Structures are given as C-alpha cells and as structure tokens.
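In UniProt numbering, the protein residues as written are 1 to 200.
Just so you know, even glycine gets a beta-carbon here, dropped at the ideal spot from N, CA and C.
Just so we're clear, the structure is a prediction, and the values are computed from it rather than from any experiment.
Read the structure below first, then the notes.
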C-alpha cells in the first residue's frame, strides 16, 4: 500500500493535483492539516471529487467520518495515548462501520506493544526525511513484528527494495510527491516501482 500524506501547508493547485493522483491510482490519502478548523476541513473536502472521498483518511476532526463517506480515521501519536485506554467511549459517536483506523508511531517497541488492533501503522523516520530538514532516518527493521506497518521517511522510487527488506508492507510519502517539480509523475513512478517491488 502507498499512503500519500497531505502537505501541512496548502500548495498551489493542490486540489487539482490531488484529484489527478486519485485518477492515477492513489488509494490512501491522509488528510493532515493541523492548522485547518472543522469548516476549513469541509471546504477542502468539498473541492475533491466525491467519488474519491472513500480514499481519504482524516487526522483531525474525526467526526467528519459521520458527514462524508471517508475511508477512515488516523490517530496522531499523542491523541492515541490520550484515548487508547477507553476506545469504546471515543468511538461511541462515530460511524466507524467498514472504516479503517490507523495510528502514527516513532518507536518500534511502542508499536509492537500496542494492544489496540489498528488496521495499519505508520512508523517514521525509516530514512532521512525529504520534507523535514534534519529529520534523520533510523533504519527500523520490523520483520519481527506481525502487524501491517507502513514505513515513512525518505521514500523515493529508488529505495522501495530497502523498505521491503526491513519488513514494511507499504510506504508513506509526503516530500517524495509534494516537494517534487511534478508531483503526479513522481507518484506514478513510486506507484509503479512499488508494484514491482513490495507486491512480490
């Protein structure tokens, strides 16, 4: 699986690019915009072709899952720690039937010990980040962890074999797409390389 993470700050032609990413096969889009309020989240979603809403996972304002036909919700690290001990209470007012639940981790040990069964887990930084200066990769090896783990940090079309060797079932991309001069072509290249590498 390939997860594309939203750029934190809006970029030029972002929605147009995003719709084209969906057209070219993007299945997991993580809508992570910490500076947008609920109404701004709605404005953003309303600009996206509704047929692609079921490929979008929200990081903030999880109640959007009740208003839009979204793919699922994602827990940032701190939010997971705040709510994981009483998930029934948290999910009580959310329509989660058939939806994905995922979370971010930065330590493999914490991921391995987490008793909540997330559908998949984002672990970073595997390699040095493209989008965050000074965010050094740690080369996590997760072959011993029997969970679906998506590696983030420094993903390019050229290092997917390394992610596979380290035990990752997928990759999460931010800078590798959005920092590119041609985000759509970069995604296509990564997607094609992924099909040839991690799927085998």
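Have a look at 161, 115, 180 and flag the residue whose alpha-carbon is nearest the alpha-carbon of residue 139.
Locating residue 139 in the chain shown gives position 139, counting from the first residue. Relative to the Cα of residue 139, the nearest Cα in the group 161, 115, 180 belongs to 161.
Start and end residues, beta strand (DSSP E) containing residue 102:
Here residue 102 corresponds to residue number 102 of the chain shown, with the count starting at 1. Boundaries of the beta strand (DSSP E) harbouring residue 102: 100 to 105, taken from the DSSP string.
Hey, out of 90, 71, 72, 7, whose CA is closest to residue 79's CA?
Residue 79 sits at position 79 when you count from the first residue of the chain shown. Residue 90 is the option with its Cα nearest to residue 79.
Neighbour-count burial assignment, residue 196, 16 or more Cβ in a 10 Å radius:
The residue given as residue 196 occupies position 196 in the chain shown. Around the Cβ of residue 196, a 10 Å sphere holds fewer than 16 other Cβ atoms; the residue is exposed.
For residue 152: DSSP bridge partner residues:
On the chain shown, residue 152 is found 152 positions in, with the first residue counted as 1. BP columns for residue 152 point to 172.
Mind checking whether residue 172 and residue 111 have CB atoms under 7 Å apart?
As a first step, residue 172 is located in the chain shown; it is residue number 172 there, counting from the start. As a first step, residue 111 is located in the chain shown; it is residue number 111 there, counting from the start. No, Cβ-Cβ distance for residue 172 and residue 111 is not below 7 Å.
Residue 88, DSSP secondary structure in three states
Taking the first residue of the chain shown as 1, we reach residue 88 at position 88. Three-state DSSP puts residue 88 in a helix.
Report buried or exposed for residue 183, applying the criterion of at least 16 other Cβ atoms within 10 angstroms of its Cβ.
In the chain shown, counting from the first residue as 1, residue 183 sits at position 183. Taking every protein chain shown into account, the CB of residue 183 has 16 or more other CB atoms within 10 angstroms, so this residue is buried.
Could you tell me which residues DSSP puts in a beta bridge with residue 61?
Here the question's residue 61 lines up with position 61 in the chain shown. Residue 61 pairs with nothing; no bridge assigned.
May I ask which residues mark the beginning and end of the beta strand (DSSP E) holding residue 38?
For this step, residue 38 is matched to residue 38 along the chain shown. Boundaries for residue 38: no beta strand (DSSP E) harbours it, while the alpha helix (DSSP H) harbouring it runs 38 to 47, taken from the DSSP string.
Option nearest residue 46 by Cα separation, candidates 147, 73, 18:
As a position in the chain shown, residue 46 is number 46, starting the count at 1. The residue from 147, 73, 18 with its alpha-carbon nearest to that of residue 46 is 18.
Helix, strand or coil at residue 144 [DSSP, three-state]
Numbered from 1 along the chain shown, position 144 holds the residue referred to as residue 144. In the three-state reduction of the DSSP assignment, residue 144 falls in the coil class.
N-terminal and C-terminal residue of the beta strand (DSSP E) that residue 97 is part of
Working through the chain shown from its first residue, we reach residue 97 at position 97. Premise fails: residue 97 is in no beta strand (DSSP E) and is neither H nor E.
Identify every residue that forms a DSSP beta bridge with residue 18.
On the chain shown, position 18 is the one that residue 18 refers to. The bridge partners DSSP lists for residue 18 come to none.
Where does residue 135 fall in DSSP's three states?
In the chain shown, counting from the first residue as 1, residue 135 sits at position 135. Under the three-state reduction of DSSP, residue 135 is assigned to coil, being neither helix nor strand.
Give the range of the alpha helix (DSSP H) segment to which residue 116 is assigned.
Residue mapping note: residue 116 aligns to position 116 of the chain shown, counting from 1. Taken as a continuous stretch (DSSP letters only), residue 116 belongs to no alpha helix (DSSP H), as it is neither H nor E.
With residue 126 and residue 152 assumed to form a contact (beta carbons below 8 Å), what rounded beta-carbon distance in angstroms separates them?
For the purposes of this step, residue 126 is identified with residue 126 of the chain shown, where counting begins at 1. For the purposes of this step, residue 152 is identified with residue 152 of the chain shown, where counting begins at 1. That pair is a contact at about 6 Å.
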